[in-house]
Structures are given as C-alpha cells and as structure tokens.
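What follows is one structure encoded as structure tokens, with my remarks underneath.
In my numbering, the protein residues as written are 172 to 740.
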C-alpha cells in the first residue's frame, strides 16, 4: 500500500515547480502553467508597450522642434533627459516590485499610469486646435505658439509615461523569464531563447510604430499619433490580465526584504572595518560553505560575518548567503560602468540620426516622402531578421565549437556588440562628412530648409550596424543582469541593465551641453548649430567612436576576470 501511494504521489511531485505558485496560491503545475504558454502573453504585452513608448520617443525631437518651437540642441537635450529618466525609473519600479507589490501587481499598476499619461499627452497635443476653435467662436483669432498650458501639460504627461514605463519595463521581462524553471533542462534552454525572442517581439512593435505612427504624426495629426499608442496600451493590459490563470508566481523568502539584507552586509562590513579577530576563520568558513570562486572576491565584505562584543543591536551577524548575495550585486558594477558609452551611442538613433534624415532627399516616387523618424525602424527590422539567424544558426555553430549551451558567454556576446557600436559611429561620421561636402558643393550651406541632394538611404548602414550590435549587446546584457543577481532581485537586475540606457542618455545630454557651450561661444559655429549644414555632428560621432573604443578595452579587461555565478533557477 505504501509503495502504491508513493507511486501515485511521484508524478504529482514531478509535475510541480519548486518555489512557485499559481494565481490561486497553490503549487504551480508544469503541465498547466508557465513556459511558452505564459511567456507568449507577456511578450505580447511588451510588444504593445514598445509600440506605445516608441510612438512617442521615435519622433519626439521633431515634435519639440516643430509644434513646441525648441532649438535642435535644446530638443536633443530634452529628449535625452526624458529618455534617461524613463530608463532610470525602473530602479524605483523594481524596488517596489521586489520589496512590496510583487511583479504582477506592479505591472498592472504601471499600465494604468501609462494609460493615464498617454491620455493626457494626447489631450496636450490637441489643445492648440481646441483653443483655436474657441477663439474663432468669439470672432477673433490669436496665434498660440505654443500655449503655456500645452507645454506644462505635455511635459507632465510625458514624465507620467516615464513613471509608468519605470514600473512596467523591468517587471514584465523578469516576470516572463520567471515562467521558465531553471532546474528543468528543457525549460532552461527555453529561458535562454526567451531573451532572444523577447527582443524579436519588442523590435516588431518598435518597427511598426516607427513607420506607422511617425507617418501619422507628420502627415495627419499629432493628437492622433499620440492617441493610437494609448489605445494599444489599453489592449495590452487586457491581454496581460487574460493570461493570469497560466502564470507562475515566485515565492519570496521569509524574513527581511532583500534590499535590507544586502544593505546590512555593507553596513556591518563598514562597522567591522577595523575588526580583525577571527577574520581568517570567517574566510575559511565562507570558502567551506560556498566552494565556488565568487567567495574569493570582495573579501572585505566577509567582515559582515563578525559580531564584535561591543556591537549593539540584535547582535546577529549577517548570514553567509547574505554576504555572497552582496558580492554578486557588487561584482555587476564594473560591467555596468563599462557599458555606459554603449548607452550614449544608442541615444543618437532617435536624435541626431533623425535630424540628419530631415535634411536629405526622402522622396519615393512622385510626391511621397518618408518620415525621417521612420528610418529608426531599420534598427528593429535588422533585429527581426538577424535574431532567427543568431538563434538557429550562429548558436548551433558556436555551441559545436565551444561546447557551451548558449554558444558564447553573455559577456562575449556583449563585447561583440560594443565592437559593432564603434564601427557604427565611424560609419555615421563618414556619412555625415559626405552630407556636409554635398551641401557645400551645391551651395546649400546657408540654406538649411532646402533638401540636400543626397539620398537618405546613405544613413541605413549606421542603423543596420546598431541593430546587429543590439542583437549581441542588448540581449547579452539583459541575460547577464538577470542571471547573475540573487533570485529575489531579478527585477532590480534588469533595471540595472535598463539604467545603462538611462545614464547613457543623461551623459549624452551632458556631452551635448558641454560641447554646445565650448564650440558655440564667441560667435563660433557650434557642432550642433540649428543649421545642420554648418554644424559638425561628424565631429561628435568621431568623439563617440573614440569613447566606444576606450569603453570596449575597459569592458574586455573586467569581463576577462569576471567569475560567473552558477545558478540553478
């Protein structure tokens, strides 16, 4: 009888996924939850979110220099500031998710804020029409360019969208990856592919919005262009809620917040900085309990394991697990710091790349001109075309050569992407030099509103190179910051990855401001002159190419010495 009961229980135990529950709080079953059945819903939501976000961001510089009447340098700085804020706020969203609400609730709340921000943004774009209509009804017309109310409402709603994105972005990707069990061989392989196909889906949404929404904004109505992303986000929230019954929810460890536990390690290590008794024994104990090589790094944190007699408070030392988690988090920062120039480079695709395209010949056939912002779609289109090649061909060849399940390591993949960024900036600089030379040859230097007789297709190589660079660097960094951080902080890990773009955008804005002040003073022509035919964006691109090369060298130095944390979940 006992053997019979054991045989009946065994399949049930094998069907459950350790550390997770379903939407009703029962242990989640592998046969009816998680995996691709859940990930499809979450990827679909992210496709819609990227559609909405890029529907605003891809053409934002043209809205600022057009209806809002800002200069090119000011508009680029505002775009970089907003993009930087939007990609730093995920740190706050991840903190709220991992410490309080959980990823699922945070996604729902962030989506509601997102929808509210998009609704107000649409209203702000429609305000001039509403005011003009009212003015005409009282038999007079006044030129509003632009109304102060429109500016205030626009920036308020724009940053409300950034807040919504801050909660949405880190949690959806982490929640999607949580649907795969790292202890199961098949699901472990699927998790590695998840990051590739996640980028594929995101790129699909980005490419569609870059073409469709940008065209509507430039040729029909900005209010309609902002309203469509709002409708899409409403649909995305409904899709996410439909998948609730299939999701797996990670069970949190009992006790203190992971932020409190890891923070305490640094506090206790600082308190015990001068304490030396039995430190050697503590180090030996650490190595004995955790034999992996990570224990040998950041040994000063081992002092958090000491409890001096004079220490007040609860008198409890940090656990070895807490110390090792703190070391894992700290070891990410050299990689993070040496990835920031990559964030600066990617910021140019939605600012100066777009402004270059506006000055060039964008005609197709007779009477049709493609929106300059739609050129941004070449980045996601490149990703869409290259991801299947990478996942189905490159990985298999690399796997055969290296014996690694993923073909190459996460940091090797990122390094290849950084190298391609250098090539992209060099290409962009050469093309801009060609554009300036053409403008000079045709006597258009002081005629900024006249189209330079140079086809806009010259810009495509720099977009394609950035797209291929993203396939390597973006996915490599995503997987790295998700995989190499403690389980309970994986939303934070992905927000650290996103902050690379946020800090990169701020650094880009800072560089632009410094260069604008340095090169534009005393009547000199700034690198970012409103007349791009007199500007020197090519100098800026050469500067970024040099910085990218220096970054690549530093990144390779730290990547070579990095010891991967082996995880089973």
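Just so you know, even glycine gets a beta-carbon here, dropped at the ideal spot from N, CA and C.
Only a predicted model underlies this, so the values are computations on that prediction, with no experimental measurement involved.
Local conformation of residue i per DSSP, three classes
{"i": "residue 423", "result": "coil"}
{"i": "residue 539", "result": "strand"}
{"i": "residue 192", "result": "strand"}
{"i": "residue 624", "result": "strand"}
{"i": "residue 311", "result": "Unreliable placement is indicated for residue 311, whose pLDDT of 34 sits below 50; the coordinate value is still reported in the next sentence. Coil at residue 311, not helix or strand."}
{"i": "residue 693", "result": "coil"}
{"i": "residue 269", "result": "helix"}
{"i": "residue 385", "result": "helix"}
{"i": "residue 400", "result": "helix"}
{"i": "residue 241", "result": "coil"}
{"i": "residue 234", "result": "helix"}
{"i": "residue 351", "result": "coil"}
{"i": "residue 444", "result": "coil"}
{"i": "residue 706", "result": "coil"}
{"i": "residue 334", "result": "helix"}
{"i": "residue 391", "result": "coil"}
{"i": "residue 575", "result": "coil"}
{"i": "residue 617", "result": "coil"}
{"i": "residue 261", "result": "helix"}
{"i": "residue 165", "result": "In the structure displayed, the chain extends from 172 to 740; residue 165 sits before or after that span and is not available."}
{"i": "residue 740", "result": "Unreliable placement is indicated for residue 740, whose pLDDT of 38 sits below 50; the coordinate value is still reported in the next sentence. It is coil, neither helix nor strand."}
{"i": "residue 505", "result": "helix"}
{"i": "residue 175", "result": "Bear in mind that a pLDDT of 43 at residue 175, under 50, signals an unreliable position, so the number given afterwards is only what the model happens to contain. Note: residue 175 maps to helix in three-state DSSP."}
Among the options, nearest to residue i - alpha-carbon criterion
{"i": "residue 220", "options": "282, 384, 557", "result": "282"}
{"i": "residue 699", "options": "626, 582, 526", "result": "526"}
{"i": "residue 659", "options": "271, 205, 231, 225", "result": "271"}
{"i": "residue 371", "options": "703, 638, 679", "result": "638"}
{"i": "residue 519", "options": "665, 228, 190", "result": "228"}
{"i": "residue 192", "options": "731, 711, 275", "result": "275"}
{"i": "residue 292", "options": "402, 359, 208, 187", "result": "402"}
{"i": "residue 433", "options": "490, 398, 445", "result": "490"}
{"i": "residue 724", "options": "354, 567, 583", "result": "583"}
{"i": "residue 385", "options": "667, 541, 590", "result": "541"}
Cβ neighbour criterion (16 or more within 10 Å) applied to residue i
{"i": "residue 531", "result": "buried"}
{"i": "residue 618", "result": "exposed"}
{"i": "residue 340", "result": "buried"}
{"i": "residue 266", "result": "buried"}
{"i": "residue 362", "result": "buried"}
{"i": "residue 628", "result": "exposed"}
{"i": "residue 416", "result": "exposed"}
{"i": "residue 592", "result": "buried"}
{"i": "residue 572", "result": "exposed"}
{"i": "residue 357", "result": "exposed"}
{"i": "residue 688", "result": "exposed"}
{"i": "residue 156", "result": "Lying before the first or after the last residue shown, residue 156 is absent from the chain, which here runs from 172 to 740."}
{"i": "residue 564", "result": "exposed"}
{"i": "residue 693", "result": "exposed"}
{"i": "residue 598", "result": "buried"}
{"i": "residue 350", "result": "buried"}
{"i": "residue 334", "result": "buried"}
{"i": "residue 722", "result": "buried"}
Cβ pair residue i, residue j closer than 7 Å
{"i": "residue 588", "j": "residue 544", "result": "no"}
{"i": "residue 378", "j": "residue 238", "result": "no"}
{"i": "residue 610", "j": "residue 616", "result": "yes"}
{"i": "residue 226", "j": "residue 380", "result": "yes"}
{"i": "residue 336", "j": "residue 295", "result": "no"}
{"i": "residue 258", "j": "residue 653", "result": "no"}
{"i": "residue 546", "j": "residue 528", "result": "yes"}
{"i": "residue 469", "j": "residue 498", "result": "yes"}
{"i": "residue 348", "j": "residue 683", "result": "no"}
{"i": "residue 727", "j": "residue 344", "result": "no"}
{"i": "residue 600", "j": "residue 709", "result": "yes"}
{"i": "residue 729", "j": "residue 509", "result": "yes"}
{"i": "residue 594", "j": "residue 648", "result": "no"}
{"i": "residue 741", "j": "residue 494", "result": "Beyond the ends of the chain as shown, which are 172 and 740, falls residue 741; an answer cannot be given."}
{"i": "residue 215", "j": "residue 410", "result": "yes"}
{"i": "residue 670", "j": "residue 413", "result": "no"}
{"i": "residue 442", "j": "residue 199", "result": "no"}
{"i": "residue 596", "j": "residue 712", "result": "yes"}
{"i": "residue 650", "j": "residue 581", "result": "yes"}
{"i": "residue 634", "j": "residue 624", "result": "no"}
{"i": "residue 394", "j": "residue 388", "result": "no"}
{"i": "residue 405", "j": "residue 211", "result": "no"}
{"i": "residue 557", "j": "residue 642", "result": "yes"}
Beta bridge counterpart(s) of residue i as assigned by DSSP
{"i": "residue 493", "result": "DSSP output for residue 493 lists no bridge partner at all."}
{"i": "residue 531", "result": "623"}
{"i": "residue 200", "result": "187"}
Any non-hydrogen atom of the ligand ADP within 6 Å of residue i CB
{"i": "residue 389", "result": "As far as ligands go, the structure on display features none, and thus does not contain the ligand ADP."}
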